[in-house]
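K.L.:
Quick one: this structure, given as structure tokens, is what I'll be asking you about.
Numbering (my numbering), first residue to last: 2 to 180.
Quick look at the structure:
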């Protein structure tokens with residue numbers, strides 16, 4: 002599968018802990034199309050463990066949140082903040098083993114004010130190890146830019162990239178709702 006270019010990639014030095022290739026301490030997640038939405042494959046080393054040999058559960062949440070949140074951006078061409086997230090840990094994630102997080106968008110249940118998404122983390126045999134559901138509050142980029150430290154050129158580039166976000170099915174975002 003091929004990696005999906007995220008809108009943030011127009012920023013030369015974005016530092017997202019989850020998905021930025023520029024953050025040396027981050028997870029550097031890469032997203033790919035998946036029949037249900039998007040997925041991210043990962044294998045975490047000992048620097049991310051809690052109990053010896055076990056990945057910290059908070060990082061499982063970060064991975065699910067990143068995968069769901071970026072799917073939302075790719076489908077709707079709009080950023081959103083996580084309002085709530087619920088996780089269920091079925092089996093511990095083990096250090097240095099391959100996993101995949103698969104995210105899907107759920108039906109809009111709040112008249113368009115909140116987006117709903119879900120994710121599963123699966124091991125290399127397809128066994129579900131963790132699940133997450135989340136609600137996201139969309140925001141207008143121009144309003145958020147009042148708080149975010151971006152120059153005018155970067156803000157314009159990000160705005161253009163969001164409005165032209167590539168959907169996971171390969172089509173350009175056209176302002177329609179995809180569910």
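C-beta: ideal position from N, C-alpha, C; glycine also.
On a predicted model such as this, the values are computed, not experimentally measured, just so you know.
Rounded to whole angstroms, what's the CA-CA distance from residue 118 to residue 59? Just pull it up for me.
P.N.:
Residue 118 sits at position 117 when you count from the first residue of the chain shown. Residue 59 sits at position 58 when you count from the first residue of the chain shown. Taking the straight line from one Cα to the other gives about 18 Å.
K.L.:
Whose C-beta lies closer than 6 Å to the C-beta of residue 20 among residues of the same chain, with five residues either side of it excluded?
P.N.:
Counting from 1 along the chain shown, the entry for residue 20 is found at position 19. The residues are 30, 67.
K.L.:
With burial defined as no fewer than 16 other Cβ atoms inside 10 Å of the residue's Cβ, what is the status of residue 74: buried or exposed?
P.N.:
To locate residue 74, count along the chain shown from 1; it is residue 73. Residue 74 should be labelled buried.
K.L.:
Under the three-state reduction of DSSP, which class applies to residue 140: helix, strand or coil?
P.N.:
Residue numbering aside, residue 140 sits at position 139 when the chain shown is read from its first letter. Of the three classes helix, strand and coil, the one that applies to residue 140 here is coil, per DSSP.
K.L.:
Taking the alpha carbon of residue 139 as the reference point, which residue from 101, 70, 91, 88 has its own alpha carbon closest?
P.N.:
By one-based count along the chain shown, residue 139 stands at place 138. Of 101, 70, 91, 88, the residue nearest in Cα terms is 70.
K.L.:
To which residues of the same chain is residue 125 closer than 6 Å at the C-beta, ignoring the five residues directly before and after it?
P.N.:
Looking up residue 125 in the chain shown gives position 124. Excluding sequence neighbours, residue 125 sits near 99.
K.L.:
Measure how close the beta-carbons of residue 44 and residue 101 come, nearest whole angstrom, since I'm counting them as under 8 Å.
P.N.:
To locate residue 44, count along the chain shown from 1; it is residue 43. To locate residue 101, count along the chain shown from 1; it is residue 100. That belief does not hold up - the Cβ atoms of residue 44 and residue 101 are roughly 10 Å apart, past 8 Å.
K.L.:
Answer yes or no: do residue 95 and residue 35 have a C-beta to C-beta separation smaller than 7 Å?
P.N.:
Numbered from its first residue, the chain shown carries residue 95 at position 94. Numbered from its first residue, the chain shown carries residue 35 at position 34. Not a contact, by the Cβ cut-off of 7 Å.
K.L.:
Can residue 72 and residue 122 be called in contact, C-beta distance under 7 Å?
P.N.:
Here residue 72 refers to the residue found at position 71 of the chain shown. Here residue 122 refers to the residue found at position 121 of the chain shown. No. Outside cutoff.
K.L.:
Where does residue 76 land, buried or exposed, given buried means 16+ other C-beta within 10 angstroms?
P.N.:
Looking up residue 76 in the chain shown gives position 75. The residue in question, residue 76, is buried, as its Cβ has 16 or more Cβ neighbours within 10 Å.
K.L.:
Considering only DSSP beta bridges, list what residue 124 is partnered with.
P.N.:
Residue numbering aside, residue 124 sits at position 123 when the chain shown is read from its first letter. Answer is 100.
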